[in-house]
Each structure stands twice: as C-alpha cells, then as structure tokens.
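Participant: Per my numbering, residue 411 is the first one in the sequence shown, and the count goes up by one each step.
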Amino acid sequence: MLQLSGLDATFLYIESPEMPMHVGALHVLELPKGYRGHFVKDLRALMAARLPLMPALRRRLWWMPLNLANPAWVDAEPDLNQHIVEVKLPASAKKGDGLAELHAAVGELHPKLLDRSKPLWRFHVLEGLGNSHSGHKRVALYSQVHHAAVDGQAAVALANLLFDLTPQPRVIETRPSKRVKTFRHDMAEMLRGAIASEVLQVGQIIRELPSTVSSLARAAGAVAMHTPLLNRGKGKVSNLALAPRTMLNVSVTPGRAFASLSLPLAEMKSLAKLHACSLNDVVLFLCAGGLRKYFAAHGITVPRKPMIAAVPISLRQPGDTSSDNQASLSFISLGTHLADPQRRLAHIKASSAAMKATMGSLKSVLPTDFPSIGVPWLMEAARSMYGKAKVAERIPPVATLAISNVPGPLVPLYLAGARMLTNYPTSIVVHGLALNVTVQSFDKHMDFGMMADAAAMPDVARYAEAVRAAYADLQLLPPESPPAATPVPAKKRPTARAKPGAKRANAQPAAKRKGAVKAVGRSTSAPARKTRQPVTKATKS
Numbered sequence: 411m412l413q414l415s416g417l418d419a420t421f422l423y424i425e426s427p428e429m430p431m432h433v434g435a436l437h438v439l440e441l442p443k444g445y446r447g448h449f450v451k452d453l454r455a456l457m458a459a460r461l462p463l464m465p466a467l468r469r470r471l472w473w474m475p476l477n478l479a480n481p482a483w484v485d486a487e488p489d490l491n492q493h494i495v496e497v498k499l500p501a502s503a504k505k506g507d508g509l510a511e512l513h514a515a516v517g518e519l520h521p522k523l524l525d526r527s528k529p530l531w532r533f534h535v536l537e538g539l540g541n542s543h544s545g546h547k548r549v550a551l552y553s554q555v556h557h558a559a560v561d562g563q564a565a566v567a568l569a570n571l572l573f574d575l576t577p578q579p580r581v582i583e584t585r586p587s588k589r590v591k592t593f594r595h596d597m598a599e600m601l602r603g604a605i606a607s608e609v610l611q612v613g614q615i616i617r618e619l620p621s622t623v624s625s626l627a628r629a630a631g632a633v634a635m636h637t638p639l640l641n642r643g644k645g646k647v648s649n650l651a652l653a654p655r656t657m658l659n660v661s662v663t664p665g666r667a668f669a670s671l672s673l674p675l676a677e678m679k680s681l682a683k684l685h686a687c688s689l690n691d692v693v694l695f696l697c698a699g700g701l702r703k704y705f706a707a708h709g710i711t712v713p714r715k716p717m718i719a720a721v722p723i724s725l726r727q728p729g730d731t732s733s734d735n736q737a738s739l740s741f742i743s744l745g746t747h748l749a750d751p752q753r754r755l756a757h758i759k760a761s762s763a764a765m766k767a768t769m770g771s772l773k774s775v776l777p778t779d780f781p782s783i784g785v786p787w788l789m790e791a792a793r794s795m796y797g798k799a800k801v802a803e804r805i806p807p808v809a810t811l812a813i814s815n816v817p818g819p820l821v822p823l824y825l826a827g828a829r830m831l832t833n834y835p836t837s838i839v840v841h842g843l844a845l846n847v848t849v850q851s852f853d854k855h856m857d858f859g860m861m862a863d864a865a866a867m868p869d870v871a872r873y874a875e876a877v878r879a880a881y882a883d884l885q886l887l888p889p890e891s892p893p894a895a896t897p898v899p900a901k902k903r904p905t906a907r908a909k910p911g912a913k914r915a916n917a918q919p920a921a922k923r924k925g926a927v928k929a930v931g932r933s934t935s936a937p938a939r940k941t942r943q944p945v946t947k948a949t950k951s
C-alpha cells in the first residue's frame, strides 16, 4: 500500500474552492509548417504512449475509513478524452500575441477543482491563437496536476518524459510491468498499513532525535549571527521579523487573475555576475522592485518595514526523480523599504545569505512525513475555521507573497511535434498570500507566471509590467565596486655604513656638521629621536 506522506496529504486537507491545490504551466506552442492535423488528438496519442512511464498520472486516491489517516494511491486508467480537453478562445485571440486571452482563460480554468475520484490531472488545449511571426499555426496548452502528486522538481522530471528534443517524438521502449495492479484496498488492509506506518514514523523520529537537536542548535547559532538584537546590532539582515500588512495579506476568494512575463536568461545571468549575486537574488530583486512600482502606481504607501517573501526550499537529493513532495518553506526579506535600488539589492543578497546559513543546518532534519492518525480531522477543521473566520486578516502576516524559482530545461523542447515557445508556471495562492510568483528557466529565457487572487489584485498584468520596469532599473544599476586594495608599504633600502677611517664625499667641517644637526633637530617634519630604555629581565614568582 502506497500511503501519501504527511506533506503530500496536507495539500488535500487544506484544499477548498477558495484554495485549489493544483500546479501547472501555460505553454504556447508553434505547430510545424503546413500542419493540417488536430492537435488535441495528436497529444492524446502521445500521452497514451508515454503514460506507462508516468505513474503519477496513472493513480487516484483511496480514502481511509472514516478519514482516520492519510489516504493511499491506487492504480487507475485515465480516460484521455476526459483528461485532455479542448477549449476555444475568443475571436480576439487571433489578433496580436493573444496573451491577454490566454491569461483570461487560465484565470477562468484555474479555480476549478480536479475530480478526486479520478487521476489528479487535466490538460487543456487552447485553440484559436493567431499565427506566429514565421506564419506557423499556434496553439496553447494549460496543464493542471495536483500538488499532492508532484512538487516543482517532480513536475520538471515529469515534463522531461513528456517533451522531446526534436520535432519527431522519440520512441521509448517500455516493458510490461510485472507488478499486480491495485485498484482498491479493503478496510483491514488500510488500517494495518496506517498503524504500521505510524509505528515506523514514531521509531524514526526517536532514532533521529539526537541529530535533530544538534542541527537545531547549529541553526539557532546561525540565526543569532544574523540577528541584530542578539549580535549587538552588527547583524546584516534578519529574516525573523514579521511582514507588514498589505493589500495582499487577505483571505482569498475563488477568483483568479493570471499574468506572465519573459526575460532573456543570458542577460539575467550576466547581470547577476556583474552585481556579484545569484540568479535567484536577481529574481527576488525584480519582484521587490515590481512591488514598489505597483504600489506607487496605485497611490499606496510602501510600508516602512520590508516585505517578506515565502520561498520554497527543495529537500530533494540529486538524481531523485520520485513524484512526491520534498520541499520546505523559508523566508527572505525583500528590502522594499529601501528606495535606492543599489541598497535594496545589497539587502536582498544579505537576506538570502542569512537564509542559506540557517537552512543549511535544517535541510537534513526538516520532515516531509509525520504520523497521520487523527490528523485529517484536525487539519480540515482548522482549514474551515481559518477561511470562514478570516483569520488571515486578524493575525500578523509572516510573509507578503510567495516567490519560487524552479530550474528548468535550457534547450528547445517539442510536444507532439509542436515547438514550445514559452513555459509560464501556474501555481497556488492561499489565505494571507494573495500573490504567487513562480519563475522557471527555459531555453534562452526566464518565464514568470504570476497567479493572484482576483479580488486582491485583479490587474496583476500591471504588476508584470512593473517587474519589467524593475528589470530596466537593474540594467542601469552600476556594478558593485570591488573592495579597494590595501597599499603595500614600500620597503626601505638599507643604508650602507661607512668603513672606519673612510672619508665621506663632500665632507664638511665638524662645526658646520654640528650646526646642520641642530637645524634638523629643530625641523617639525623629522621625528624626534627616542631614548632607549634599559631592558630588565622579569623574575619568576
């Protein structure tokens, strides 16, 4: 029995009509020259051939009796006619790039919850776009996969199986599985599995307790080093402060607004190198600058305290392509209280370094699974109370928005023969965080996907343009000057001593030499001659 981990199941328990828990992406695709087929049928044929390699798309939930503990995954054969559907865009999508119509379609489709009685994914083929600049027909794909099934890195691994490096789809040989498929569990099996899992998890917690305490102590020390209060004001930046309350710290509604943005990847990397920071620091800087510009455009005063970004941290080991969630959450101060872009970038760099110093000690002990008996009741009750009582608007916010940067493929990709032009991520907003900015590198650009609550930020497209303006600011920012080199004092040349009895050149009479010495002694520029003190030996007591 494959029971969901505590983290995977959490995305099921906190899901509601106001907070859909699926992630995905909006892809704009360019079809081959002279294409006369039907793309939705081509995609279904491709998926039918690749599904044996994608277990995350061939299973559904099987719930524990009385919802006592986490559910389990069981095998399921998806009906591709229901999971890959076609959507017609309005006629205006044929004019221009059609992005406004695509954004509106994602905003309309994203709030619809996935059917939990079926595999938790759905692909929408968006038809009706105008041709590309080269005259080729275009189509778009909006994908949805539940966060209980994949995290950001797992979604990238899934995309690597779905997309190809050439227009001609590769042939992948698959061997028939010898595993006996499980389409249901009986009650006794579910209870035995839940109790056995509970015992193993408790035992693991006890075994790892000493190393956990040690890691927490190291993390506490790292936090203290970066906290001004505990470091006599010498700490650079602290991420421990609460975020200021803004228009984004509200209880979200079922409506969504979406916008996208693409920036050149090579230039962003060059700017990161120029300013001695990471690519992730550049992303944070652009989001922070965009917030300042968006607030100013709406006549909203920028808070005096810096806004805080909730940043997912991957706990996945290199080479791990499993489809479960292996991530945690950290916080980074964005320095939005600083009007000077140079100072704001320095603030973000210090804040990011402080976060890494803390998380480095904690990554090995942060749990992605935990005992679950009774947890579903508690979490669902808490979620219901949190939303209905609008708790997000009553308690101090810990963050202003969510920002995630997921490394993606750096080469052109193809789907069922169509070349992928863009890869805009679509992610989750939750109560208290009405804006989510997810960024993914693809081919030669960085693609930004901005999902917002439609009531809190209906004009999220204006925020996307504010981020673009912040990028222009970064391009004009002078590079960080290297530290000035300390001058090395020149070594004095040793003066040659006159041999005994030898006469000096241009020797003067003794009387004149004495007068010259007196004149030098009266000079203010020459150092006074020190009298040598007698050296005494210390006596041992």
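We put the CB at the ideal spot given by N, CA and C, even for glycine. Since we're looking at a predicted model, the values are computed, not measured.
In chain order, what residues of the same chain lie with their CB nearer than 7 Å to the CB of Phe-852, ignoring the 5 residues before and after it?
Facilitator: Hits under 7 Å: Gly-818, Pro-819 and Asn-833.
Participant: Whole angstroms are fine: how far does the CA of Leu-652 sit from the CA of His-757?
Facilitator: Roughly 16 Å separates the two Cα atoms.
Participant: Are the beta-carbon atoms of Leu-524 and His-557 separated by less than 7 Å?
Facilitator: Going by C-beta atoms, Leu-524 is not nearer than 7 Å to His-557.
Participant: Does the separation of the CB atoms of Pro-481 and Leu-414 fall below 7 Å?
Facilitator: Closer than 7 Å, so yes.
Participant: Counting C-beta neighbours from all protein chains within 10 Å, is the total for Phe-593 16 or more, i.e. buried, or is it exposed?
Facilitator: Under this definition Phe-593 is an exposed residue.
Participant: Taking the alpha-carbon positions, what's the Ala-667 to Ile-838 distance?
Facilitator: Distance between the alpha carbons of Ala-667 and Ile-838 is about 12 Å.
Participant: Thinking just about the alpha-carbon of each residue, which of Glu-511, Val-801, Leu-412 and Phe-695 is nearest to the one in Trp-473?
Facilitator: Looking at the Cα atoms, Leu-412 is the closest of the given residues.
Participant: From Pro-888 to Ala-764, what distance separates their C-alpha atoms?
Facilitator: Rounded to the nearest angstrom, the two C-alpha atoms are 24 Å apart.
Participant: Let me know the secondary structure DSSP gives Phe-953 once reduced to three states.
Facilitator: As shown, the chain starts at 411 and ends at 951. That puts residue 953 outside it, with no answer to give.
Participant: When you compare each of Lys-800, Gly-745, Arg-580 and Ala-707 to Thr-663 by their alpha carbons, which one comes out closest?
Facilitator: Closest option to Thr-663, Cα to Cα, is Lys-800.
Participant: Are the beta-carbon atoms of Met-856 and Leu-439 separated by less than 7 Å?
Facilitator: Going by C-beta atoms, Met-856 is not nearer than 7 Å to Leu-439.
Participant: According to the neighbour-count rule (16 or more other Cβ atoms, all chains shown, within 10 Å of its Cβ), is Ser-527 buried or exposed?
Facilitator: When all chains shown are included, Ser-527 counts as exposed.
Participant: Considering only C-alpha positions, which residue in the set Gly-827, Leu-519, Met-789 and Val-433 is nearest to Ala-564?
Facilitator: Per the Cα distances, Val-433.
Participant: Going by alpha carbons, who is nearest to Ala-824 out of Leu-509, Val-549 and His-520?
Facilitator: The amino acid occupying residue 824 in the given sequence is Tyr; Ala does not appear at that position. Closest by alpha carbon: Val-549.
Participant: How big is the Cα-Cα spacing for Gly-859 and Ala-486?
Facilitator: Looking at the two C-alpha atoms, the distance is approximately 31 Å.
Participant: Since Gln-554 is in the beta strand (DSSP E), which residue starts that stretch and which ends it?
Facilitator: Its beta strand (DSSP E) spans residues 548 to 556.
Participant: At what residue ranges does the stretch 458 to 543 contain a whole run of the alpha helix (DSSP H), taking only runs of 4 or more?
Facilitator: Listed in chain order, they are 490 to 493 and 509 to 519.
Participant: Could you give the DSSP three-state label for Ala-882: helix, strand or coil?
Facilitator: The answer is helix: DSSP assigns Ala-882 an H, G or I state.
Participant: Bridge partners of Pro-722, per DSSP?
Facilitator: DSSP output for Pro-722 lists Leu-739 as bridge partner(s).
Participant: So, with DSSP's three-state summary, where would you put Pro-751?
Facilitator: Helix.
Participant: Just to confirm the assignment, what range does the alpha helix (DSSP H) spanning Arg-702 have?
Facilitator: Start and end: 689 to 707.
Participant: Express the C-alpha separation of Pro-835 and Tyr-423 in angstroms, rounding to a whole number.
Facilitator: Taking the straight line joining both Cα atoms gives about 23 Å.
Participant: Residues in the same chain with beta-carbon distance under 8 Å from Met-867, minus the five sequence neighbours each way, listed in chain order, please.
Facilitator: Cβ neighbours of Met-867 beyond the five flanking positions: Met-657, Leu-658, Ala-667, Ala-844, Leu-845 and Tyr-873.
Participant: Would you decide whether Thr-584 is buried or exposed? Buried here means 16 or more other CB atoms lie within 10 Å of its CB.
Facilitator: The residue is exposed, with fewer than 16 neighbouring Cβ atoms inside 10 Å.
Participant: Measuring CA to CA, which of Cys-687, Ser-672, Met-795 and Ala-865 is closest to Ala-876?
Facilitator: That would be Ser-672, whose Cα lies nearest to the Cα of Ala-876.
Participant: Should Ala-992 and Gly-447 be called a contact, given that it needs their Cβ atoms to be closer than 7 Å?
Facilitator: With the chain running from 411 to 951 in the structure shown, residue 992 is simply not present.
Participant: According to the neighbour-count rule (16 or more other Cβ atoms, all chains shown, within 10 Å of its Cβ), is Arg-589 buried or exposed?
Facilitator: Answer is exposed; the Cβ neighbour count stays below 16.
Participant: I'd like the list of long-range same chain contacts for Ala-864, defined as Cβ closer than 8 Å, with 5 residues on each side in sequence excluded.
Facilitator: Excluding residues within five positions, the ones whose Cβ falls inside 8 Å are Gly-517, Thr-663, Gly-665, Arg-666 and Ala-667.
Participant: Leaving out five residues on either side along the sequence, give the residues of the same chain with a beta carbon under 6 Å from the beta carbon of Ala-669.
Facilitator: Result list for Ala-669: His-513, Met-860, Val-870, Ala-871 and Ala-874, in chain order.
Participant: Excluding the five sequence neighbours on either side, which residues of its own chain have a C-beta within less than 8 Å of the C-beta of His-546, listed in chain order?
Facilitator: Excluding positions up to five away in sequence, the list reads Glu-440, Leu-441, Pro-442, Lys-443 and Tyr-445.
Participant: Identify which residue in Asp-750, Ala-749, Gly-745 and Pro-751 has its Cα closest to the Cα of Ala-760.
Facilitator: Comparing Cα-Cα distances from Ala-760 to each of Asp-750, Ala-749, Gly-745 and Pro-751, the minimum goes to Gly-745.
Participant: Please list, in chain order, all residues of the same chain as Leu-689 whose beta carbon is under 7 Å from its beta carbon, the five residues on each side excluded.
Facilitator: Cβ neighbours of Leu-689 beyond the five flanking positions: Met-678, Lys-679 and Ala-682.
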